[in-house]
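Protein chains in written order, with the numbering used here: chain F, 10 to 277; chain Y, 2 to 268. A virtual CB, placed ideally from N, CA and C, is assigned to each residue, including glycine. Since the structure is predicted, the reported quantities are computational estimates derived from the model, not experimental observations. Encoded as structure tokens, the structure appears first; notes follow it.
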């Protein structure tokens with residue numbers, strides 16, 4: 010009984026270690042292949058593929074990220090106002106929304122939206138390529154699948170996630186302003202000058218650095234889940250679900266890590 | 002055999018403690034067409050993956066064009082892959098690319114040829130398989146047989162010394178399958194390539210093979226010419242050639258069991 014339990018714990022631990030090891034190795038390979046996707050230095054076909062990924066990961070996600078940020082900005086402003094009103098500190102809603110979005114909600118909401126949209130898409134696309142032997146075809150041609158398939162996705166996400174984060178922050182902060190206008194009659198100009206006062210370049214940079222790390226997590230988890238597909242179409246579906254769950258979990262875990270580091274180093 | 006194109010020595014492969022290939026020894030001479038026969042689950046796809054370098058042997062050696070796949074590095078493996086064309090069972094064409102782009106892919110990725118030369122070479126390869134007029138179509142617009150021929154054109158793109166086919170006739174009607182057999186024969190005659198074909202279609206195998214090897218439960222039970230296999234008295238080979246089933250479904254017994262179940266008994 011005890012041996013069996015120990016066995017299970019051992020197997021699970023080895024499974025997790027194998028997964029993390031695979032993720033680290035694949036990330037290293039993808040980063041090494043990244044220069045080959047750049048224009049001028051690299052291969053034009055890869056760059057064209059990366060532009061396609063930027064459209065899919067970034068441009069097509071703008072409405073979703075924007076709506077999520079507007080709703081969250083409105084909610085944050087409402088919740089903040091309901092508490093701060095009691096202390097007569099309604100003007101701090103502006104700081105709450107601005108700092109909340111630039112440091113935290115902007116990058117996190119964007120990463121969760123992209124993880125749901127593109128993480129699953131990466132996994133399903135690569136999983137289908139595995140099932141239909143397209144990845145094997147690339148290998149037997151002597152073409153590295155990491156360079157051909159993964160690197161353009163990585164570059165696309167690395168460029169677009171920070172852009173989407175900026176869009177998300179802007180939408181969230183503007184939604185806060187709309188709430189303040191409706192609820193308290195604060196003029197939009199006054200709100201924006203409050204935003205300009207409370208926004209800090211350091212916070213914006215922290216948010217952008219976080220979004221780069223989140224992009225790396227989403228792409229690598231999505232692609233690894235796709236490459237681990239074995240069997241038929243049902244395993245492609247499972248891998249897509251798994252990609253979303255694991256990348257969202259790892260994004261939140263990474264966010265905790267970043268926030269702790271910045272908190273301990275006095276960055277916040 | 003002097004300097005074989007493919008040489009497999011004491012190859013052992015296991016999955017989850019289950020031995021899939023058990024001490025395989027096989028040589029394929031240069032310019033020869035070797036057909037690898039075997040039933041479902043006999044290990045022929047596993048052997049094929051070892052020979053085309055998609056998996057490393059657990060023990061034993063796989064030597065292709067003088068390169069030992071068990072010890073070679075990625076750079077050498079890439080170089081070897083350029084001398085080998087593989088046509089997969091499901092064609093495995095890239096759906097987002099046109100037929101022309103699929104065939105041009107290895108040329109664009111692995112050579113420094115200019116675009117006009119690539120286009121000319123692509124047209125030539127597609128002409129060889131009779132698909133030049135369909136080059137602008139995408140894989141979704143092609144029939145099963147056309148997809149397989151397109152996969153052959155792509156496998157031929159870099160003028161390989163070794164051409165490998167995984168189940169070329171699977172899923173095709175007899176006429177299209179026969180056309181594909183003739184294409185394999187014509188390619189071999191025209192380019193003098195070493196051809197390795199994995200199949201369980203006997204008619205196709207006897208049409209194209211110079212020699213045949215038969216796998217059964219992870220072991221090679223016969224390697225020889227068509228005539229040698231045809232005249233073999235090995236019970237498993239006879240069963241395979243004469244299409245004798247392993248078990249006959251007992252319809253009477255099935256009926257009795259069902260009646261028993263319907264009367265309230267247990268299955």
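I need the DSSP call for residue i, collapsed to helix, strand or coil.
| i | result |
| --- | --- |
| residue 220(Y) | strand |
| residue 49(Y) | helix |
| residue 270(Y) | Here chain Y covers residues 2 to 268 and nothing more, so residue 270(Y) does not appear. |
| residue 239(F) | coil |
| residue 145(F) | helix |
| residue 151(F) | coil |
| residue 113(Y) | coil |
| residue 50(F) | coil |
| residue 138(Y) | coil |
| residue 11(Y) | strand |
| residue 90(Y) | coil |
| residue 170(Y) | coil |
| residue 3(Y) | coil |
| residue 256(F) | helix |
| residue 60(Y) | strand |
| residue 246(F) | helix |
| residue 119(F) | helix |
Using 8 Å as the limit for Cβ to Cβ distance, is residue i near chain F?
| i | result |
| --- | --- |
| residue 185(Y) | no |
| residue 7(Y) | no |
| residue 235(Y) | no |
| residue 85(Y) | yes |
| residue 168(Y) | no |
| residue 197(Y) | no |
With a threshold of 16 other CB atoms inside 10 Å of the CB of residue i, please say whether the residue is buried or exposed.
| i | result |
| --- | --- |
| residue 272(F) | exposed |
| residue 197(F) | exposed |
| residue 91(F) | exposed |
| residue 148(F) | buried |
| residue 96(F) | exposed |
| residue 232(Y) | exposed |
| residue 212(F) | buried |
| residue 258(F) | exposed |
| residue 155(F) | buried |
| residue 204(Y) | exposed |
| residue 23(F) | exposed |
| residue 72(Y) | exposed |
| residue 174(Y) | exposed |
| residue 200(Y) | buried |
| residue 264(Y) | exposed |
| residue 36(Y) | buried |
Is the shortest distance between the beta-carbon of residue i and the beta-carbons of chain Y less than 8 Å?
| i | result |
| --- | --- |
| residue 142(F) | yes |
| residue 264(F) | no |
| residue 146(F) | yes |
Following the continuous alpha helix (DSSP H) through residue i, name the residue where it begins and the one where it ends.
| i | result |
| --- | --- |
| residue 54(Y) | Element bounds for residue 54(Y): n/a, residue is neither H nor E. |
| residue 35(Y) | No alpha helix (DSSP H) contains residue 35(Y), which is instead part of the beta strand (DSSP E) from 34-39. |
| residue 247(Y) | Premise fails: residue 247(Y) is in no alpha helix (DSSP H) and is neither H nor E. |
| residue 284(Y) | The first residue shown for chain Y is 2 and the last is 268, placing residue 284(Y) beyond what the model contains. |
| residue 97(Y) | Neither: residue 97(Y) is in no alpha helix (DSSP H) and is coded neither H nor E. |
| residue 176(F) | 160-193 |
| residue 103(F) | 101-108 |
| residue 83(Y) | 75-83 |
Start and end of the beta strand (DSSP E) containing residue i?
| i | result |
| --- | --- |
| residue 194(Y) | No beta strand (DSSP E) holds residue 194(Y); DSSP gives it neither H nor E. |
| residue 26(Y) | 19-29 |
| residue 96(F) | Neither: residue 96(F) is in no beta strand (DSSP E) and is coded neither H nor E. |
| residue 135(F) | Unbroken run through residue 135(F) is the alpha helix (DSSP H), 129-140; no beta strand (DSSP E). |
Would you say residue i touches the ligand GTP, meaning its beta carbon is less than 7 Å from a heavy atom?
| i | result |
| --- | --- |
| residue 166(F) | Among the components of this structure there are no ligands whatsoever, and the ligand GTP is therefore not found. |
Please tell me whether residue i has its Cβ less than 8 Å away from any Cβ of chain A.
| i | result |
| --- | --- |
| residue 164(F) | Looking at the structure shown, chain A is missing, and the protein chains on hand are F and Y. |
Cβ-based contacts, 9 Å cut-off: residues of the stretch 148-172 of chain F near chain Y: Cβ contacts with chain Y come from 148, 149, 150, 151, 152, 153 and 157.
Where the stretch 85-107 of chain Y meets chain F: residues whose CB sits under 9 Å from a CB there: 85, 86, 87, 89, 90, 91, 92, 93, 94, 95, 96, 106 and 107
Short-range partners of chain Y found in the stretch 35-62 of chain F, where Cβ spacing is below 7 Å: 54
Contact list for the stretch 49-82 of chain Y against chain F, Cβ threshold 9 Å: 50, 53, 54, 55, 75, 78, 79, 80, 81 and 82
Residues in the stretch 107-120 of chain Y having any Cβ partner in chain F nearer than 8 Å: 107, 109, 110 and 111
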